[in-house]
Structure formats: structure tokens, C-alpha cells
Amino acid sequence: NSGAKPPTRENRKIVVNLAPADIKKNGSHYDLAIALGYLMASNQMRMFDASNTLFVGELGLSGEVRGVPGVFNICQMAADNGFEKVFIPYDNRQEAALAVGITIIPIKRLRDVVDYLEGTIVLEPYRGGDFEPRVVPATVDISEIRGQETAKRALLIAAAGGHNIFFSGPPGTGKTMLAQTLVSILPPLSFNEAIEATQIHSAAGLLLGKHYIDSRPFRAPHHTASLVSVIGGGQNPRPGEVSLAHRGVLFLDELPEFHRDVLEALRQPLEGGAVVVARAKKTISFPSRCVLVAASNPCPCGYYGDHEKECVCTASEIARYQKKLSGPLLDRIDLHVWVDRIHAADLRVERDERESHRLREMVMRARARAHERFSDAPRMIASNADLSSKEVERYVHRTPSAHALAERMLDAGKLSARGYFKLLKVAQTIADLEESSLVEERHVAEAFSYRSRVAA
2 NSGAKPPTRE NRKIVVNLAP ADIKKNGSHY DLAIALGYLM ASNQMRMFDA SNTLFVGELG
62 LSGEVRGVPG VFNICQMAAD NGFEKVFIPY DNRQEAALAV GITIIPIKRL RDVVDYLEGT
122 IVLEPYRGGD FEPRVVPATV DISEIRGQET AKRALLIAAA GGHNIFFSGP PGTGKTMLAQ
182 TLVSILPPLS FNEAIEATQI HSAAGLLLGK HYIDSRPFRA PHHTASLVSV IGGGQNPRPG
242 EVSLAHRGVL FLDELPEFHR DVLEALRQPL EGGAVVVARA KKTISFPSRC VLVAASNPCP
302 CGYYGDHEKE CVCTASEIAR YQKKLSGPLL DRIDLHVWVD RIHAADLRVE RDERESHRLR
362 EMVMRARARA HERFSDAPRM IASNADLSSK EVERYVHRTP SAHALAERML DAGKLSARGY
422 FKLLKVAQTI ADLEESSLVE ERHVAEAFSY RSRVAA
């Protein structure tokens, strides 16, 4: 259908050289470029200057150009390396809409590219319109959760500061519902955050025929998920769930039920904000700055610490169950919240339909204060949780009494060194929510109340 002729009797052998040879090639991205090279080499189309143009796409037997994974990253890489124009499959056009500094021309058939290059037809560049972030309604609206004011307060702090949060409590108290509401009170994605999220999803091949990422990701892998699916990696390294949740929410329900190697591997991305996959000839880093929301029962039967129903687990069973979560992992979680049973009176409270909107406005104001505070930072700091220990000392301004209280907790052995800095970051978020220019003693005290990991 493309009109191309096969090799002649005099020129049966076609050699395609993909340089440099030491880099392993995989995928069908090169089909379109190889086909055009063959057509020029066999004098079936005129020669043209391709020094500033990139051709990407898989070819079908009838000459149609099929979509391929990773097109957004290819377009952005082409722009960064001085290319002016890129031809991509039509099915990838929406994915590539955020690419800046390069002309994108979507195509459906090989014949279209040939005719365009020979000047017989005109192909219009793709213009995806201005970036407009979306706030996707959560599966459960926070106004549907009655009672649980302490848990809601902790959820607000987590959203405002980008802090990791761990809900523990008996079954049926609303832990999963609380986790599912977080994405609805997070602020919309900024343009740069949308580009970061789109790059990761593009690398994973999840955007074929789909729009670029314009809302906060929410990922909730099952507790049977493997190490590679959660963390990332594989023979051809690809991002895992923790990276696909970048700039969004990673929800791990029934946290102790995850494989131990998965839980321990979470320590690196939670601390450093990236997953590093090392191979013999290359090292790949996938960003993973997400808000971790974890939920768990306190014991196998679920009722340890419950005031209404007696726990039937033995002491050794409880200890063995809780031992699945190591101290270093839990120390990387900023907020620990016990979610208790609600009372009948809580169910009779009238629902506030605008609660999500009100909380989101509070989160956006708190983050705006933080961004103003970080305006002179040499790197982009998205939230208080992203601060390094050195940056905490620079940007977290506290009263003498607040500073003294935090140091007393550290000296008393109630905090690790990591916990000390996490305490100050959470206290700064609480101060931002209250629009306070200084972290005060009450902010530190509230932040410390979320460091306890003991069931009520």
C-alpha cells in the first residue's frame, strides 16, 4: 500500500547499520527510519537533509505507522539535542503534546511521510493546546468519612507537606477510605510535575493512545505484587509502582502482607526520592517522589488494641506480625495514626459537601507559603518533605522553645536522627497550615504525637 518496491535482482542484499554498535537496540521504534533509508538508498525517493529531523514508529505490513512506547521521552530528548522536527505515530500524538522546543508531526502511513518529504502534500504539526491540570475526584470523597477527625487532620498535614503516612487500626474503621481520599485534596499538578510524571509513564509504555499525565497519579498495587513490579527493574529496566506514583500517591494496603524484600527495598526510594537500577553496562534512575499511604491491622486477627472486640492472637503471633515492618522502614514514615472505631453519634453528623474543596484550598495555601520560602533554593523543592537535613536547618525557622523541645526528645532517645529532622519538617507543615511564620512549641508537640507507633 505504500508503493515501495522490494530489492531488485542486482541489489538483493540490504545492510542496515544501527550505530553505535555497542549500544543494545530493542523495540520497533526504528522501523520508520529504516524504511526511509531503504527508499532513499534504492532511489525510490529523493534524498533529503535529515540532520535536524527524527523519525519514530513501527511499520505494519500494509505500510501503516503504529504507536510505540516512550514517544514523549524521545521527543523531549530530540529537542534537548537540537532536533527541530519529529515524525511520530498518530496514536502517540496526545502523549507528546507536552514536549517543548520541537515540532511534532503525527503520521498514519509511510506513504504520507514520503509524499511530505517530496513536497506533494502538507502535514500539519500537532498542537495539543495549553496545559490544563485536572483534579480527579477520589473514589471516596473525604466528606463521606464520618468522625475520624484526628486521621483527617493527619491526612491534611500529609497533603500539605508531602509526608508519608501510616494508618493502623482494627478492620472496618475507614483506613482504606481515608487513603483513597488523599488524592482529592492534593493540589493540581504543575507543568513541570506533569512533565516528570508523563516521562515515567511514557517510559513504562502506558500512554499509547492516551493523554499525557495531567492529574496526580494514584497507584495501589496488591500485596502479592513482586519486587520488580513495585520497585522497578527487569531485564529491560522499566519503572515500578513507586515511580509510577511520582508526584502522586502510592497506597499500600495491608502493608505487613507485602513480601519482605519489597518492604525493605522501599527504604531507598522513600529516603532518596529515586529508584536506581544497576546493570552491567548502565545504571538507570527512576524518580519516585510520591506520598506513601500505608494501612495495616495491628495483628493477624486485626483487633489488638481495639476497645470493643478482644484480640485472639497470642503475644508471639502479634510480635511476629509486627516484626514484618522493620524499624528503619517505619522510621521513614512521617505520620503514624491509630484509626479507632467511630460511634453512632458520628454517623448522625451532617455531611459537609465542600469539605474536600476547603481542605484542598488549605493545602494549596500551605504549599504556596513553602514555595515562597524555597524561592532562593538552588534546586526545585516541591514540598517540606523534600527537604534535606541541611535544608531543614536553613528553611525551618523555629522559636527557642520549639527548638529546645525537639532537642529534648532527641536527647531522651524518643527520636532517631532521621526522626528528628522528620519531626521538624512535619512541624513546619503544621505551621504553614496555621500561616505561622515560625515553628512554635505546639507545632512540634503535635508533630511528635504522630511519631508514636503503639496501638492505642
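Residue numbers (the numbering used here): 2 to 457.
Cβ coordinates follow ideal geometry from the N, Cα and C atoms, glycine included.
query                                                                                                                                                                                               : result
Take the Cβ of T430 as the centre, count every other Cβ of all protein chains shown within 10 Å, and call the residue buried at 16 or more, exposed below.                                          : buried
Assign N385 to buried or exposed, taking buried as 16 or more other Cβ atoms, counted over all protein chains shown, within 10 Å of its Cβ.                                                         : buried
From the DSSP secondary-structure annotation, give me the bridge partner or partners of P288.                                                                                                       : A275
Suppose the cutoff is 7 Å on Cβ atoms and the five residues either side in sequence are ignored; what does the same chain contact list for R268 look like?                                          : P329, L330 and R333
Between the alpha carbons of Q149 and F84, how many angstroms are there, rounded?                                                                                                                   : 55 Å
Whether or not the stretch 204-215 and the stretch 371-378 are in contact is what I'm after, with contact meaning three or more pairs of Cβ atoms, one per stretch, closer than 8 Å; do they touch? : no
Measure the CB-CB distance between I142 and S357 and report whether it falls below 7 Å.                                                                                                             : Before going on, a small fix: residue 142 reads as Asp here, not Ile. Yes, they are a contact pair.
What are the start and end residues of each continuous beta strand (DSSP E) run of 3 or more residues lying completely inside the stretch 297-366, in chain order?                                  : 336-339
Residue range of the alpha helix (DSSP H) that F422 falls in?                                                                                                                                       : A418 to L434
Flag this pair as yes or no: are the beta carbons of Y304 and C312 separated by less than 7 Å?                                                                                                      : yes
Mind checking which residues open and close the alpha helix (DSSP H) that includes K176?                                                                                                            : K176 to I186
Assuming the contact rule is C-beta atoms closer than 8 Å, T177 and D254 should be a hit. Round their C-beta distance to whole Å, please.                                                           : 6 Å
So does the stretch 162-170 actually touch the stretch 336-344, counting three or more Cβ pairs closer than 8 Å?                                                                                    : yes
Candidates I75, V114 and M46: which alpha carbon is nearest L99's?                                                                                                                                  : I75
Go through the stretch 94-168 residue by residue and report every complete run of the beta strand (DSSP E) that reaches 3 residues or more, in order.                                               : 104-108
Does the distance from the C-beta atom of D412 to that of A367 stay below 7 Å?                                                                                                                      : no
Under 8 Å Cβ to Cβ from G363, same chain only, skipping five residues before and after it: list those, please.                                                                                      : One point to set straight first is that residue 363 is Met, not Gly, in the sequence displayed. Same-chain partners within the cutoff: L157, A161 and L434.
When the Cα of A383 is compared with those of A345, I146, A320 and L187, which residue comes out closest?                                                                                           : L187
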